[in-house]
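Residue numbers (the numbering used here), protein chains in the order written: chain W, 1 to 301; chain A, 302 to 602.
Structure first, then comments.
Okay, here's the thing in structure tokens:
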């Protein structure tokens with residue numbers, strides 16, 4: 001189960017009633033933030049969410065509207081008495097950006113650990129119990145999208161356990177994921193079941209990694225910087241996506257649903273494009289600040 | 302005439318419904334900002350004020366809640382197509398802080414000019430048609446308060462003009478402040494009249510400069526970080542003021558009115574202290590976000 005809250009939906013600049021785009025993901029009481037622009041800490045409070053459980057922040061890129069809230073977040077976490085490290089992930093140069101922003105919050109009671117991505121396809125990692133796969137976006141500067149996923153092991157299968165000669169006293173340990181006496185969980189479990197996955201990517205042109213990593217996703221969260229059809233040229237120039245392009249990606253992925261976010265400040269009413277986008281991908285939701293959902297494993301027979 | 306808008310009233314961290322403490326001052330369509338914490342640009346929009354007319358920002362000190370909104374402000378001014386320089390004033394080290402914050406807004410279409418204060422009493426300067434006198438506050442780190450004032454020349458006095466032998470054809474030019482043919486405005490004007498003045502100081506213990514520069518002020522804007530009487534010790538430790546101390550300063554100044562701001566996040570309802578503070582200085586207003594007034598010259602006979 002993953003709790004998902006779209007803290008804000010704005011691009012470029014925060015507006016009254018529209019925080020900058022940021023996502024809060026929580027599993028078993030631990031949380032990950034994606035991006036942290038100016039005002040994100042207020043958005044977290046507005047949504048009634050907690051700071052203490054945030055293990056880390058995934059940064060897409062270093063434009064101010066995606067990172068300018070970091071100093072305030074650092075300070076607030078410190079004021080809450082945090083002692084455990086805060087992990088930040090992002091493009092090469094992250095340490096330099098964090099060091100620069102810390103000029104105004106030099107003293108903190110906890111460590112900030114920066115992880116800079118390397119290579120054409122950075123290694124996946126785990127954070128807050130979720131598996132995170134970063135991928136290169138196309139924004140004319142280093143920028144990353146993220147797939148966040150939970151795998152789900154197979155059901156316990158007593159027939160299989162017996163066939164494999166697993167002593168009954170080991171069943172519960174193996175079912176819980178342990179290995180024991182030369183047996184592995186695989187010896188007592190059926191085939192892996194469908195897990196959960198979210199693909200998050202803003203500030204980018206469409207890239208093949210989206211359809212690859214977003215395949216069958218439960219939720220795509222993509223930018224809808226421009227709603228008007230005639231803004232494609234502008235989107236190409238500025239390395240952003242139109243809402244239609246995002247909806248086309250959702251179709252190609254076979255995703256369950258699509259949330260649009262990161263709206264241009266010149267688009268005060270993105271909901272005006274709902275019908276047009278839904279004609280491309282039906283299950284499209286025009287994001288609003290504070291929108292949330294709970295993704296749950298699908299029960300299978 | 303000076304338009305005054307208290308954009309926010311929060312200290313330490315922004316809260317839903319409470320922006321960080323910042324002041325917007327406008328004279329003849331040009332504006333000065335004092336401090337710019339996270340969210341100040343949203344506070345400006347919420348108050349319906351303009352960005353384009355901001356000539357400069359006066360910084361009190363470099364704690365994050367007073368400067369973390371600068372990168373966002375820089376970006377928004379740039380997105381508005383600003384070309385004229387933005388002037389920033391503050392303690393020594395300002396250039397270093399601004400350079401650090403610009404790591405996330407490296408490209409701007411206008412220049413940022415930093416002015417760092419020097420000496421025990423930095424020189425006054427003019428900005429947006431107002432005279433600004435910075436003074437050292439006591440916050441355990443370099444921190445400044447500001448007096449913002451408008452002087453007002455004397456009334457035109459035709460008797461005096463005649464006595465001084467000023468030709469009638471020069472009267473209007475001298476009255477407008479020009480010098481001509483060896484005559485000065487002083488030759489046609491009566492004694493200076495009462496001007497306008499505002500004293501602004503947060504994040505500080507009381508200092509003598511407040512009562513000196515705040516004498517007869519039209520408006521004092523001081524921090525009321527702590528309302529409870531038993532928080533004096535905490536105020537001493539953290540180099541802040543209690544509301545009572547601020548009210549005592551207003552008494553000593555003979556100020557017309559006092560606005561309190563920069564409330565602790567642990568004080569959700571600072572208005573609860575209104576009665577107690579008004580018993581010290583009657584014309585005390587517990588600040589709320591967006592509060593504004595227009596200061597006008599007093600008409601004299």
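Ideal Cβ placement from N, Cα and C applies to all residues, glycine included.
inquiry  = Is there a Cβ of chain A sitting closer than 8 Å to that of residue 33(W), yes or no?
reply    = no
inquiry  = Looking at chain A, is there any beta carbon in it that lies within less than 8 Å of the beta carbon of residue 57(W)?
reply    = no
message = 8 Å is my cut-off, CB to CB: does residue 198(W) come that close to chain A?
response = no
task = Note down the Cα distance separating residue 561(A) from residue 367(A), rounded to an integer number of angstroms.
result = 16 Å
inquiry  = Which residues of the stretch 547-572 of chain A have a Cβ closer than 9 Å to any Cβ of chain W? Give them in chain order.
reply    = 566
inquiry  = Closer than 8 Å is the cut-off here; do at least three beta carbon pairs connect the stretch 518-525 of chain A with the stretch 547-567 of chain A?
reply    = yes
task = Look at the alpha carbon of residue 185(W) and the alpha carbon of residue 150(W), and state the distance between them as a whole number of angstroms.
result = 17 Å
message = Quick check for students: name the residue ranges of the beta strand (DSSP E) that lie wholly in the stretch 171-220 of chain W, counting only runs of 3 or more.
response = 193-201
task = List the residues of chain A whose Cβ lies closer than 7 Å to the Cβ of residue 62(W), in chain order.
result = 405
ask   = Which word fits residue 162(W), buried or exposed, when buried means at least 16 other C-beta atoms lie within 10 angstroms of its C-beta?
value = exposed
query = So which residues of chain W does residue 383(A) contact, with C-beta pairs closer than 7 Å?
reply = The contacting residues do not exist; residue 383(A) stays about 14 Å from chain W at best.
message = My output table needs one value for residue 589(A): the three-state DSSP class, helix, strand or coil.
response = coil
query = alpha helix (DSSP H) containing residue 243(W): first to last residue?
reply = 243-253
Distance CB(residue 401(A))-CB(residue 209(W)) smaller than 8 Å = no
query = Mind checking whether residue 439(A) and residue 508(A) have CB atoms under 8 Å apart?
reply = yes
query = Using a beta-carbon distance below 8 Å, is residue 323(A) in contact with chain W?
reply = no
key: Contact set between the stretch 311-322 of chain A and chain W, restricted to residues whose Cβ is under 8 Å from the partner   = 313, 314, 315, 316 and 317
message = Going by C-alpha to C-alpha distance, which of 267(W), 51(W), 262(W) and 205(W) sits closest to residue 238(W)?
response = 205(W)
message = Let's test the definition: count the other Cβ atoms within 10 Å of the Cβ of residue 348(W) and tell me whether it reaches 16, buried, or not, exposed.
response = This structure cannot settle anything about residue 348(W), because the visible part of chain W is limited to 1 through 301.
query = Can you name the start and end residues of the beta strand (DSSP E) that residue 234(W) belongs to?
reply = No beta strand (DSSP E) holds residue 234(W); the alpha helix (DSSP H) holding it covers 232-238.
inquiry  = So the candidates are 328(A), 370(A) and 311(A); which of them puts its Cα closest to the Cα of residue 642(A)?
reply    = With chain A covering only 302 through 602, there is no way to say anything about residue 642(A).
Distance cut-off 7 Å: residue 595(A) Cβ against heavy atoms of the ligand ZN = Looking at this structure, you won't find the ligand ZN or any other ligand, since it has none at all.
Whole-angstrom distance between residue 36(W) and residue 563(A), CA atom to CA atom = 24 Å
ask   = If you run the structure through DSSP and keep just helix, strand and coil, what is residue 326(A)?
value = strand
Beta-carbon neighbours of residue 195(W), restricted to chain B and to distances below 7 Å = In the structure shown, chain B does not exist; the protein chains are W and A.
Pick from 112(W), 133(W) and 113(W) that is closest to residue 120(W), judged by C-alpha positions = 133(W)
ask   = Is there a Cβ from chain W that is less than 8 Å from the Cβ of residue 340(A)?
value = yes
ask   = What residues of chain W sit near residue 370(A), judged by a beta carbon separation below 7 Å?
value = 38
message = Residues in the same chain with beta-carbon distance under 8 Å from residue 455(A), minus the five sequence neighbours each way, listed in chain order, please.
response = 490, 491, 492, 493 and 494
message = Cutting at 7 Å between CB atoms, please list the residues of its own chain near residue 233(W), excluding the five before and the five after it.
response = none
message = Output needed for residue 110(W): all residues of its chain with C-beta closer than 8 Å, excluding positions within five of it in sequence on either side, in chain order.
response = 77, 78, 82, 83, 84, 85 and 86
inquiry  = What does the alpha-carbon distance come out to for the pair residue 170(W) and residue 159(W)?
reply    = 14 Å
inquiry  = For residue 346(A), tell me which candidate among 62(W), 72(W), 15(W) and 31(W) has the shortest Cα-Cα distance.
reply    = 15(W)
ask   = So who's on the other strand from residue 367(A), going by DSSP bridges?
value = In the DSSP output, where bridge partners are listed per residue, residue 367(A) has none listed.
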